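In full-length UniProt numbering, the protein residues as written are 1 to 166. Ideal Cβ placement from N, Cα and C applies to all residues, glycine included. Note that this is a predicted model, so its numbers are computed, not measured. Contents: one structure, followed by commentary.
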């Protein structure tokens, strides 16, 4: 019979985050720290400082509440919604260059969550597949497919960008 294990999570400031989920930490004395991004890695929090660009494509970039890096005026819509086109590297504050996509499919009480990570070397897409039933992880596996094959799958949505672990 299959071994059931509980879904790995991280807890930060009373909030629970799933593996791969990111957030800005909330420190009592300072509030939400916009320039630090934490990511849940299985059950361990990994936090890193966000580095803002030295140069912007406009003369007078502005600081906006809730954002670490300044933004060029008129680019707010692109700045706010992850569903926008992310090809503009200006959205990202530093080294986040690898696109991350997500697809969630629910059927008969079972959830299949797929996180796809596009890599340059080798040029492929790594698809991490979680099958969850009643909140319990039933199955996990990783598929590697070509970028061309991935482009034909239309149910994935770009959610963020990430860096290669160093």
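Query                                                                                                                           : Result
Express the C-alpha separation of residue 123 and residue 146 in angstroms, rounding to a whole number.                         : 7 Å
If we call anything under 8 Å between Cβ atoms a contact, is residue 53 one with residue 35?                                    : no
Just how far apart, CA to CA, sit residue 112 and residue 27?                                                                   : 34 Å
Can you give me the start and stop residues for the alpha helix (DSSP H) that residue 67 sits inside?                           : That residue, residue 67, is in no alpha helix (DSSP H); it is neither H nor E in DSSP.
Chain C beta carbons: is any one of them nearer than 8 Å to that of residue 73?                                                 : Looking for chain C here will not work: only one protein chain is present.
Can you pull the DSSP bridge partners for residue 124?                                                                          : 119 and 146
Taking its Cβ as the centre, do 16 or more other Cβ atoms sit within 10 Å of residue 58, making it buried, or is it exposed?    : exposed
Going by other Cβ atoms of all chains shown within 10 Å of its Cβ, with 16 needed for buried, is residue 139 buried or exposed? : exposed
Using only the alpha-carbon positions, how far apart do residue 23 and residue 67 sit?                                          : 12 Å
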